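Before any comments, here is the structure.
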Amino acid sequence: MTEPSNLPTVRAVPPAPSTATVLRRGSHREFVRISAILRKETVGGAILLAATVAALIMANSGFSDAYYAFRDYKIGYAPWHLELSLGAWAADGFLAIFFFLAGLELKREFVAGDLRSVSRAIVPVAAAVGGVIIPALIYVLINTVLTRTETGAETLHGWAIPTATDIAFALAVLAVIGSKLPPALRIFLLTLAVVDDLLAIAIIAFFYTTDMNVPLLLLAIVPLVLFWIVTHRFSHFFKSQAWAAWVLLLPLGFIAWALVHGSGVHATVAGVLLGFAVPVLRSKRSGGPDAGPGLAEVLEHRIRPLSSGFAIPVFAFFSAGVTLGGADGLYQAITDPVAIGIVVALVVGKPIGVLLATFIVTKTTKATLDPDLAWIDVIGVSLLAGVGFTVSLLISELAFGQGSPHDDHAKVAILFGSLLAALLATAILRSRNRHYGRIAEKEAIDSDNDGIPDVYQAEQAR
């Protein structure tokens with residue numbers, strides 16, 4: 013049955029003209045699309061928060077034994093090395109769905125979105141890179157200074173834990189505090205988080221891969237190539253027939269995932285590669301402008317609710333549960349150099365990295381911020397980027413092993429550091445709400461009633 017689509021037609025957005033303004037508004041079409049994504053992620057963030065609270069309650073109550081037994085219950089087919097615990101299925105399997113979406117979103121932004129323009133892309137990309145490098149350096153510095161024993165090298169394995177931003181949690185924070193953050197800053201935060209995810213998956217692939225099985229990894233290229241061929245050649249069919257993707261694309265994706273998993277490379281890498289394989293633009297064979305959006309946007313529209321509403325919360329439920337062990341256990345957790353490094357890196361390092369990179373790009377390109385924004389707004393968003401959760405939990409398990417003392421302490425630090433970063437961001441962004449309200453009123457004016465607010469028309473004319 014043909015699935016109707018109310019998604020906007022996707023065409024490549026022409027590169028923006030040279031400008032001396034950063035963090036300015038994008039196109040109205042992109043604003044509408046991103047707003048729809050952010051609404052879904054906000055709901056997903058609320059579900060994610062509920063799953064996290066449930067895991068912590070169960071892990072610190074009389075249900076703790078049942079919780080850990082459930083998490084560690086194994087299911088699957090052993091001869092194919094796929095007999096995994098439920099927690100491992102969530103980390104290796106469900107998170108692959110999340111990274112598949114990240115691959116789709118990033119490719120779409122750089123192929124057909126506003127970030128096709130180098131002048132628009134350079135700021136969020138640089139901010140994401142700065143937001144990875146500075147927290148990692150701070151973590152390494154703290155653990156080098158505080159740990160001078162044989163365990164020092166072990167604690168350094170967690171250097172990548174504080175490098176990721178959890179967009180769902182960050183958006184949930186904005187919803188809770190009632191922030192009217194302007195679309196330009198929301199898009200900046202989303203793009204930064206997506207690039208963060210790509211950098212995180214590269215870090216996982218290169219730094220947290222052991223005992224690689226090269227033949228299996230090379231064999232994984234076959235279903236990946238087939239996936240690319242099928243999605244490009246029959247994209248219109250997959251757009252019009254919703255069932256076809258589940259029947260034809262899902263098996264190819266699963267085979268690629270299983271081979272990457274068996275190779276020793278973390279299976280979530282397969283998710284990103286599969287996302288990159290999906291075409292973004294409409295095929296020229298599809299016909300005129302009524303052919304609809306590209307396959308990447310259609311799949312993103314269909315799969316995002318599954319990712320944000322189920323896959324990520326399930327992963328959080330199995331990964332966030334840690335038994336604190338009372339006051340003594342909490343003290344041991346927060347005094348572990350691993351925990352100290354994570355908290356400082358999230359609360360201090362992440363904002364400094366994002367803010368510093370944005371400032372350097374602005375000054376070196378002789379640009380200025382959009383007239384409606386000020387550097388205090390960038391500081392608030394930079395603090396919000398310190399809300400790291402999903403990918404941080406994954407890297408912690410890869411670095412220290414699920415259930416190890418350092419892993420448990422890292423989880424406590426991730427939760428505490430993210431909460432502290434969110435509170436600091438709240439203090440700044442709430443103080444700017446009145447100003448954001450005036451921006452929202454200006455962006456709602458449509459004097460010619462053509463459905464596109466005046467400010468976006470003025471932006472397109474630049």
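In short: position in the sequence shown from 1, add 12, done, that's this note's numbering. From the three backbone atoms N, C-alpha and C, an ideal C-beta is built for every residue, glycine too. Given the structure is predicted, the values throughout are model-derived calculations rather than measurements.
Sheet register partners of residue i (DSSP bridge)
i: isoleucine 87; result: Leu96
i: threonine 2; result: Nothing about residue 2 can be read from this structure; the chain reaches only from 13 to 474.
i: leucine 381; result: Val34
Best match in the options for proximity to residue i [C-alpha to C-alpha]
i: threonine 33; options: Ala425, Leu381 and Leu153; result: Leu381
i: methionine 224; options: Phe246, Val272, Val237 and Ile233; result: Val272
i: valine 135; options: Ile179, Val207, Gln253 and Thr167; result: Val207
i: glycine 276; options: His93, Asp462, Thr64 and Tyr80; result: His93
i: proline 227; options: Val424, Tyr85, Val65 and Gly274; result: Gly274
i: arginine 36; options: Asn72, Gln469, Ala196 and Asn445; result: Ala196
i: alanine 282; options: Phe239, Arg51 and Ala78; result: Phe239
i: leucine 410; options: His278, Ser97 and Phe266; result: His278
i: leucine 264; options: Ser252, Val237, His248 and Arg245; result: Val237
i: tyrosine 89; options: Tyr79, Trp101 and Phe82; result: Trp101
i: glycine 2; options: Glu455, Leu432 and Ile372; result: The chain is shown from 13 up to 474; residue 2 falls before or after that span and cannot be answered.
i: lysine 423; options: Pro349, Leu436, Ser408 and Leu435; result: Ser408
i: alanine 386; options: Ser443, Gly398 and Tyr220; result: Ser443
i: alanine 182; options: Val141, Ala58 and Leu149; result: Ala58
i: leucine 229; options: Ile372, Phe219, Ala268 and Ala205; result: Ala268
i: serine 331; options: Lys378, Leu60 and Pro91; result: Leu60
i: alanine 184; options: Leu211, Ile233, Ala339 and Lys52; result: Lys52
i: threonine 374; options: Ile216, Ala139, Trp171 and Arg450; result: Ala139
i: glycine 142; options: Pro363, Ile87 and Tyr80; result: Pro363
i: serine 131; options: Thr376, Leu318 and Glu453; result: Thr376
i: leucine 311; options: Ser252, Thr347, Gly333 and Tyr343; result: Ser252
Residue interval of the alpha helix (DSSP H) (run including residue i)
i: glycine 125; result: Element bounds for glycine 125: n/a, residue is neither H nor E.
i: serine 247; result: 247-252
i: aspartate 348; result: First-last for aspartate 348: undefined, no H or E at that position.
i: leucine 68; result: 40-71
i: asparagine 461; result: No alpha helix (DSSP H) holds asparagine 461; DSSP gives it neither H nor E.
i: alanine 323; result: Where alanine 323 is concerned, there is no enclosing alpha helix (DSSP H), given that its DSSP letter is neither H nor E.
i: aspartate 389; result: 387-396
i: serine 430; result: 417-443
i: glycine 475; result: No statement about residue 475 is possible, as the shown extent of the chain runs from 13 to 474 and does not include it.
i: threonine 335; result: From DSSP, threonine 335 is part of no alpha helix (DSSP H); its letter is neither H nor E.
i: leucine 311; result: 307-318
i: leucine 405; result: 402-412
Own chain, CB closer than 6 Å to residue i, minus 5 neighbours either side, in chain order
i: phenylalanine 106; result: Ala323, Val326 and Phe327
i: glycine 287; result: Phe112, Gly115 and Leu116
i: isoleucine 464; result: His40
i: aspartate 458; result: Pro465
i: valine 393; result: Leu197 and Leu201
i: tyrosine 468; result: His40
i: glycine 120; result: Glycine is not the amino acid found at residue 120; the sequence shown has arginine there. Cβ within range, chain order: Val292 and Ala308.
i: leucine 56; result: Note that residue 56 is glycine in the sequence shown, not leucine. Excluding residues within five positions, the ones whose Cβ falls inside 6 Å are Ala180, Ser320 and Gly321.
i: valine 359; result: Gly398, Gly429, Leu432 and Ala433
i: asparagine 155; result: Thr167, Leu168, Pro349 and Gly353
i: phenylalanine 412; result: His418 and Asp419
i: alanine 212; result: Ala176 and Val403
i: lysine 86; result: Glu95 and Ser97
i: asparagine 445; result: Lys192
i: leucine 436; result: Leu395
Cβ shell of residue i (< 7 Å), same chain only, five flanking positions each side left out
i: leucine 193; result: Leu186, Leu441 and Tyr448
i: glutamate 162; result: Bear in mind that the predicted position of glutamate 162 carries a pLDDT of just 49, short of 50, making it unreliable; the figure below should be weighed with that in mind. Cβ within range, chain order: n/a, list empty.
i: valine 390; result: Leu367 and Thr370
i: proline 27; result: Low local confidence applies: a pLDDT of 45 at proline 27 is under 50, so the model's placement there is unreliable, with the coordinate-based value given in what follows. Cβ within range, chain order: Arg128 and Ser129.
i: leucine 406; result: Ala103 and Leu107
i: serine 404; result: Ile173, Pro174, Ala176 and Ile426
i: serine 298; result: With a pLDDT of only 45 at serine 298, under the threshold of 50, the placement of this residue in the model should not be trusted, and no figure is reported.
i: alanine 351; result: Ala345, His421, Ala422, Val424 and Ala425
i: isoleucine 145; result: Gly365
i: aspartate 462; result: none
i: valine 356; result: Ile150 and Ile154
Contact with chain D by residue i, beta-carbon distance below 8 Å
i: lysine 454; result: As a matter of chain content, chain D is missing from the structure shown, which is built from one protein chain.
Contact set for residue i: own chain, Cβ-Cβ below 8 Å, skip 5 residues either direction
i: threonine 243; result: Phe250, Leu261, Ala289, Val290, Pro291 and Leu307
i: phenylalanine 43; result: Arg37, Pro195, Ile199 and Tyr468
i: phenylalanine 82; result: Leu98
i: serine 416; result: none
Contact test: residue i Cβ vs the ligand FAD heavy atom, cutoff 7 Å
i: isoleucine 69; result: Within the structure as shown, the ligand FAD is missing, as the structure has no ligands at all.
**Message:** Please give me, in chain order, every unbroken run of the alpha helix (DSSP H) with length at least 4 that falls completely inside the segment 149-202.
**Reply:** 164-167 and 179-189
**Asked** What are the uninterrupted segments assigned as alpha helix (DSSP H) that are 4 or more residues long and contained completely in the segment 210-262, given in chain order?
**Response** You should have 226-231, 233-245 and 247-252.
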